[in-house]
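Numbering of the sequence shown is given in the working numbering, commencing with residue 812 and proceeding in unit increments. What follows is one structure encoded as structure tokens, with my remarks underneath.
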Amino acid sequence: MVGDTRRVFPSKGPRSPISEPVSIIDSYCAAIPSYTCAKLYSPPKSESDSSQAACINPFDPALLESTLAHTLSAYPHWAGRIRFTGPNDGGRPYQRRSGRVWVDFGSPADDPGVALSFADCNERLESLVPSLDEGKPCDSGVLERAGVYPPFPSVVMLRPTVVPGPALAVQVTRFSCGGVALGFRVAHAIADAGTLHRFPEDFDSRALGDLDSPEADPALEAEVERIPRCAKDVLASGTPGDAGPAAAADAPEQMPMWDIPPPATARTVFFSPASLARIWAAAGGRAAGVNAHDALVGHIWRVTVRARRVPPRAEVSLTTVVGLGARVDPPLPRGSVGSSVVLLASTATSDALTGSGGVAVAARAVRATIAAATPRALAALLHHEAHSPDPRRIQPFFIGPEHVSITSWVGAGSYAADFGTGAPVYAEGQTVPTDGALLIEEVAGPRGKKWTEKGVRVTLAFVDDVLERFLSDPESLHTRAMLVGVGVDLLHLGRLRSLCTRRTPDKLARRILAKAELDDYSTLEGDRVQQERFLALRWAAKEAAYKALYPACVPTWKDLAVTKPPGSAKPLLAWVSDTRPALLDAHSRSVKMHLSVSHDADQLVAFVVVERD
């Protein structure tokens, strides 16, 4: 339950009010209402800890309010008012065009400030952290129902209509165990923004041509046409309301892809490092010119198209978020942050994706789209956006049966913030459960490990029947059994008898049998023929298993046991107890060993196939 809510302002703000335009891309990103995430932290150290650090609760309300005000001194625009350009604004001509976003700040009497609220939750933190069991989808709405996010729309909205509010809302939720969640909701017009007065200068200087000219440069517009995008002018399809100038002359009369689907259900699934490696290998790996991320995105796209049962030869699209910081020329300074992204689209036919080799087709399509974001192309795109009739009219992505939109926060630093209690134990981005809007996120793990070495979470949002088909698709989580190895052993019974003559059967039994097997062997005392058969079967089976498992692991004789359960016609080969060798990593929970034994005269043949999930 949310209790206290405060408005926080910079402890040292500007001396006089300031009005500034945001960057070209920030105006473009205003099409997306808000960005929301939450970070969960373990309880602060006990007060019994004598260290000075332990005596300070970093989540104390007064301390948090003070530190937020101090931080806002470097980012005073975050406490300001976001709006569209007005008739009296200054700036350059392109910054005064219809639908451009501005921010006013430095006037505490008029500024909305940053909303800081505090809430309590009776849940324990650990009950809200999803497991990383591959193949077991998790409910994606747990944190939302626990109330850890600032409510929607607690920040300003610019589309489809203007709803006033602060640019940033922060909610601190205290759990019954002492753990804390920090929830953030920020207007996407300044999402991930740094110093807004510096970022537009850094970014807009990368554009080509004259940004202030009345018309866009035709040559640059021709270059923009070659950039793979899915952006459309929604006014051309009859969008009501005041949205600036008339539709462009070449705007389509209707947009058949504009399909608002019914409510969707969201589920989160985990892809282990082993699954990521298999997906990348299926896409052709590094030799095919694709990386592991391309392969994962393409894999999800492919399975989605199949789950939606898109008709053959239909054109389908995948919209991905592409960062610009390192791609523009010159690259943005490391300290520059903001909405430095564009939405690009990959297209393919449904049968090309779902047919043989479709995972490679999808990965290559994703890579080709990202490769199209060259410095020259992005500079032309900035020129194009500067001359856009009105950014409010442009829909940069679509949802519906033929469309998928994937956002990836891999590499975004979700687990970097440390308030003194350690890195977050869990970090999550909130997504609107809309059919085809998906999110890829990193999971917690040791610092320095690559995301492919830890695995990723993917939040899927589909209408119910599509979600069910996606999760039941044998390729969806790529957890089908993988062959570890095959082993065969041929044992001459005469050799075994000779060995038993030299060492006695009991000595051999103590060497090669596990405890449970020894117990069964003891019931055969006095029956030499049955003892030899018992030992022969286990000798050959374990030799074959060793060959099948090597070099993934090197089991000993007593790591394995062959049993014949009552009523079973075939012997079973399994690990002794529940402890398993290093063959199994943390994300592969089971290994299946299939044993087949045959007799031919004085020979026994054991055949073992080992699979892992």
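We put the CB at the ideal spot given by N, CA and C, even for glycine.
DSSP three-state call for residue i: helix, strand or coil?
| i | result |
| --- | --- |
| A920 | coil |
| I1001 | helix |
| D799 | Here the chain has residues from 812 to 1424 only, and residue 799 is not among them. |
| D815 | strand |
| P828 | coil |
| Y886 | coil |
| V967 | coil |
| I843 | coil |
| H1410 | strand |
| E934 | coil |
| F820 | coil |
| D950 | strand |
| L943 | coil |
| V833 | coil |
| G1169 | helix |
| D1061 | Note that D1061 scores 46 on pLDDT, short of 50, meaning its location in the model is unreliable and no value can be drawn from it. |
| H1405 | strand |
| D1162 | helix |
| V959 | coil |
| S1399 | With a pLDDT of 39 at S1399, under the threshold of 50, the modelled position of that residue is not reliable, and no figure is offered here. |
| I1038 | coil |
| E1422 | strand |
| A1188 | helix |
| A1385 | strand |
| V914 | strand |
| T878 | helix |
| T1180 | helix |
| A849 | strand |
| S838 | helix |
Keeping to the same chain, check which residues put their C-beta closer than 8 Å to that of residue i; ignore five residues upstream and five downstream.
| i | result |
| --- | --- |
| P923 | R818, A890, G891, R892, V967, P975, G976, P977 and A978 |
| K1375 | K1381, P1382 and L1383 |
| V1152 | I836, C840, V1132, V1133, G1134 and L1135 |
| K823 | S884 |
| C988 | P854, R935, L936 and E937 |
| L879 | V819, V925, L927 and V981 |
| I1038 | L1155, A1183, A1184, A1188, A1191 and L1192 |
Output needed for residue i: all residues of its chain with C-beta closer than 6 Å, excluding positions within five of it in sequence on either side, in chain order.
| i | result |
| --- | --- |
| V1416 | L1301 and S1409 |
| A1094 | V1101, A1106, V1170, A1171 and A1174 |
| A1327 | A1372 |
| T984 | A930, C932, V959 and A992 |
| A1359 | G1296, V1297, G1298, V1419 and V1421 |
| D915 | S830, G891 and R892 |
| P855 | N868 and T1232 |
| A1352 | V1373, L1384, L1406 and A1417 |
| S1219 | I1251 |
| T896 | R907, R911 and W913 |
| S838 | R911, V912 and P1202 |
| L969 | A841 |
What residue from the options has the CA that sits closest to residue i's CA?
| i | options | result |
| --- | --- | --- |
| T1180 | G1233, V1108, D1229 and V1243 | V1108 |
| W1112 | A1099, V1277 and S1024 | V1277 |
| S1283 | L1346, T1115 and V997 | T1115 |
| I843 | A998, E934 and F986 | A998 |
| T1270 | V1215, R935 and A957 | V1215 |
| A1183 | E1336, R1138, R907 and E1213 | R1138 |
| A1325 | V1340, Y1361, E1252 and T1367 | T1367 |
| G1211 | A1163, R1119 and P964 | R1119 |
| V1080 | K850, F895 and D950 | D950 |
| G994 | R1339, Y1332, E1343 and Y846 | Y846 |
| L1129 | R1117, A1092, T1158 and S1024 | T1158 |
| D871 | P828, P1039 and G990 | G990 |
| R1124 | S1161, P1142 and L1155 | S1161 |
| A1190 | T1312, L1319 and V1035 | V1035 |
| T816 | Y886, P962 and P1235 | P962 |
| P1478 | G1256, G1222, I1217 and A1176 | The chain is shown only over 812 to 1424; residue 1478 falls outside these bounds and no answer can be derived. |
| V1177 | G1224, P1141, H1110 and F1208 | H1110 |
| H1198 | P1029, S1287, E1279 and W1091 | P1029 |
Skipping 5 residues on each side, what residues in its chain have a beta carbon closer than 7 Å to that of residue i?
| i | result |
| --- | --- |
| E1032 | H1195 |
| T1433 | Look at the range of the chain in this structure, 812 to 1424, and you will see that residue 1433 is not part of it. |
| A1103 | L1087, W1091 and T1263 |
Legend entry - Every unbroken beta strand (DSSP E) inside the segment 1291-1377 [3 residues or more]: 1293-1303 and 1371-1374
Inset, instruction - Give, in chain order, every unbroken run of the beta strand (DSSP E) that is at least 3 residues long and sits entirely within the segment 1213-1295. - result: 1214-1219, 1237-1240, 1248-1253 and 1267-1273
Legend entry - Any 3 or more C-beta pairs closer than 8 Å across the segment 927-940 and the segment 820-833: The segment 927-940, when compared against the segment 820-833, does not touch it at the 8 Å Cβ threshold.
Legend entry - Sequence ranges, beta strand (DSSP E) only - wholly within the segment 1081-1144, length at least 3: 1126-1134
Inset, instruction - Could you say if the segment 1336-1350 and the segment 1302-1315 meet the contact criterion of at least three C-beta pairs nearer than 8 Å? - result: Of all C-beta pairs linking the segment 1336-1350 to the segment 1302-1315, three or more are shorter than 8 Å, placing the two stretches in contact.
Legend entry - Meets three-Cβ-pair contact criterion under 8 Å: the segment 947-962 and the segment 1233-1248: yes
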